[in-house]
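Enquirer: So the sequence shown is numbered by my numbering: it starts at 1359 and just counts up by one.
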Amino acid sequence: MRYFIALFLLLIAMPVRAEVFVWTDSKYDITVAFPDNWMRQTQTPDDLRLYVLAPQGQDHAACRVFANKDGRFLYVPAKAQHKVAAFVQDTKAAQQFLDGRLEYDDVRLVGYQNIGGLGKGAATVAVAQYIKDWNGQKIQMQSIQFGGYMNGLETIFHCEAMQQAFGRWHPVFMNMVKSFDFPAQYASHKQGYYRDFTADGYVFFPAGFRQGIKKD
């Protein structure tokens, strides 16, 4: 009897692990994995491909995926992808996305780097703080935003939460970002690439007199 009581107490004390749902975009074949207890929201603009909220809207935690085929830079060599992503997704673009597109107030970029990655492409990373107007309440928010660009496809992965709770949600956001992927459209190696085989060792062929020369 004591064994069953101890087992019961152990089971109810174990943390419940949320399952993961893998979402695939029907237009761009983008895939993202997120906890299956997060709530899908209606997407009205065509470039808003995914919008999910934390359970019961906790801490206003949410993530969005935007994608748009703009066609400005269709064929970019691998060594130039970070430069193109930094040009398209610069600090000005990140600022305009938050205060213009999402209509937040008092937007401040508190961190930015242009050597990140999103899926198989290069990306910039921006951390911002701003005020969200929600039902008349002014809520202090913080977000992390990955702005990617590869072969004409512009992607933005934006996750946010209340500023005081952002640290608690950051690991969840990063797991979702790491799962972000899309099909590679072009070869990962540039033309003329070859594997450096000089470190594999050598094969010695026996040397013979006039070997390889046709005899009369």
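All residues carry an ideal CB built from backbone N, CA and C; glycine is no exception.
Straight-line CA distance for V1423 to D1464?
Expert: By one-based count along the sequence shown, residue 1423 stands at place 65. By one-based count along the sequence shown, residue 1464 stands at place 106. One C-alpha to the other measures close to 23 Å.
Enquirer: Report back the beta-carbon spacing between A1484 and Y1470 to the nearest angstrom; my notes put them in contact at under 8 Å.
Expert: As a working note, residue 1484 is residue 126 in the sequence shown. As a working note, residue 1470 is residue 112 in the sequence shown. The Cβ separation is near 5 Å, so the contact holds.
Enquirer: Looking at the structure shown, is S1537 part of a helix, part of a strand, or coil, going by DSSP?
Expert: Your numbering for residue 1537 matches position 179 in the sequence shown. In this structure, S1537 counts as helix in the three-state DSSP scheme.
Enquirer: By the 10 Å Cβ neighbour count, where 16 or more other Cβ atoms means buried, how is A1419 classified, buried or exposed?
Expert: For the purposes of this step, residue 1419 is taken as the residue at position 61 of the sequence shown. Label assigned to A1419: buried.
Enquirer: At 4 residues or longer, and completely inside the region 1464 to 1545: list those alpha helix (DSSP H) runs for me, N to C.
Expert: For the region 1464 to 1545, whole alpha helix (DSSP H) runs of length 4 or above, ordered along the chain, are 1524 to 1537.
Enquirer: To the nearest angstrom, how far is it from the Cα of A1451 to the Cα of M1534?
Expert: Against the sequence shown, residue 1451 aligns to sequence position 93. Against the sequence shown, residue 1534 aligns to sequence position 176. Going by the C-alpha atoms only, they are around 23 Å apart.
Enquirer: To the nearest whole angstrom, what separates the beta carbons of L1476 and F1431, a pair I think is in contact under 8 Å?
Expert: As a working note, residue 1476 is residue 118 in the sequence shown. As a working note, residue 1431 is residue 73 in the sequence shown. Not really, about 16 Å apart at Cβ, beyond 8 Å.
Enquirer: State yes or no: is the C-beta of A1480 within less than 9 Å of the C-beta of Q1439?
Expert: Locating residue 1480 in the sequence shown gives position 122, where the first residue counts as 1. Locating residue 1439 in the sequence shown gives position 81, where the first residue counts as 1. Taking 9 Å as the Cβ cut-off, A1480 and Q1439 qualify as a contacting pair.
Enquirer: If you draw a straight line from the alpha carbon of T1382 to that of R1459, how long is it in whole angstroms?
Expert: For the purposes of this step, residue 1382 is taken as the residue at position 24 of the sequence shown. For the purposes of this step, residue 1459 is taken as the residue at position 101 of the sequence shown. About 24 Å.
Enquirer: Buried or exposed: which applies to M1499, given that a residue is buried once 16 or more other Cβ atoms fall within 10 Å of its Cβ?
Expert: Against the sequence shown, residue 1499 aligns to sequence position 141. That one is buried.
Enquirer: Beta strand (DSSP E) containing F1379: first to last residue?
Expert: Taking the sequence shown and counting its residues from 1, the one referred to as residue 1379 is at position 21. Looking at the DSSP string, the run of the beta strand (DSSP E) that includes F1379 is 1378 to 1382.
Enquirer: I need the straight-line Cα distance from Y1386 to W1492, nearest angstrom please.
Expert: What you label residue 1386 is simply residue 28 of the sequence shown in a count that begins at 1. What you label residue 1492 is simply residue 134 of the sequence shown in a count that begins at 1. Y1386 and W1492: Cα-Cα distance of roughly 31 Å.
Enquirer: If K1478 and M1508 are in contact, beta carbons under 8 Å, what's the gap, nearest whole angstrom?
Expert: By 1-based counting over the sequence shown, the position of residue 1478 is 120. By 1-based counting over the sequence shown, the position of residue 1508 is 150. Right, the Cβ-Cβ distance comes to about 7 Å (below 8 Å), so this counts as a contact.
Enquirer: So what's A1451 in DSSP terms, helix, strand or just coil?
Expert: The count along the sequence shown starts at 1 and reaches residue 1451 at position 93. Correct three-state label for A1451: helix.
Enquirer: Considering V1442, what are the terminal residues of the alpha helix (DSSP H) in which it resides?
Expert: As a first step, residue 1442 must be located in the sequence shown, where it is residue number 84. Residues 1439 to 1446.
Enquirer: Can you have a look at S1501 and say buried or exposed, based on whether 16 or more other CB atoms are within 10 angstroms of its CB?
Expert: Along the sequence shown, read from residue 1 onward, the residue named residue 1501 stands at position 143. It counts as buried.
Enquirer: What does K1385 pair with, by DSSP beta-bridge criteria?
Expert: Reading the sequence shown from its first residue, position 27 is the one you call residue 1385. DSSP output for K1385 lists no bridge partner at all.
Enquirer: In whole angstroms, what is the alpha-carbon distance linking T1482 and Q1495?
Expert: The count along the sequence shown starts at 1 and reaches residue 1482 at position 124. The count along the sequence shown starts at 1 and reaches residue 1495 at position 137. Cα to Cα, T1482 sits roughly 31 Å from Q1495.
Enquirer: Any idea what DSSP makes of R1430, helix, strand or coil?
Expert: Position 72 of the sequence shown holds residue 1430. R1430 falls in the coil class under three-state DSSP.
Enquirer: Do you know offhand how far T1513's Cα is from P1393's?
Expert: The count along the sequence shown starts at 1 and reaches residue 1513 at position 155. The count along the sequence shown starts at 1 and reaches residue 1393 at position 35. Take the alpha-carbon of T1513 and the one of P1393: they are about 21 Å apart.
Enquirer: How would you write the range of the beta strand (DSSP E) that Y1462 sits in, first residue to last?
Expert: Sequence index remark: in the sequence shown, residue 1462 carries index 104 (1-based). Taken as a continuous stretch (DSSP letters only), Y1462 belongs to no beta strand (DSSP E), as it is neither H nor E.
Enquirer: Looking at C-alpha atoms only, which residue of I1388, M1532, I1489 is the closest neighbour of G1474?
Expert: The residue you call residue 1474 lines up with position 116 of the sequence shown. Taking only the C-alpha atoms, the option nearest G1474 is M1532.
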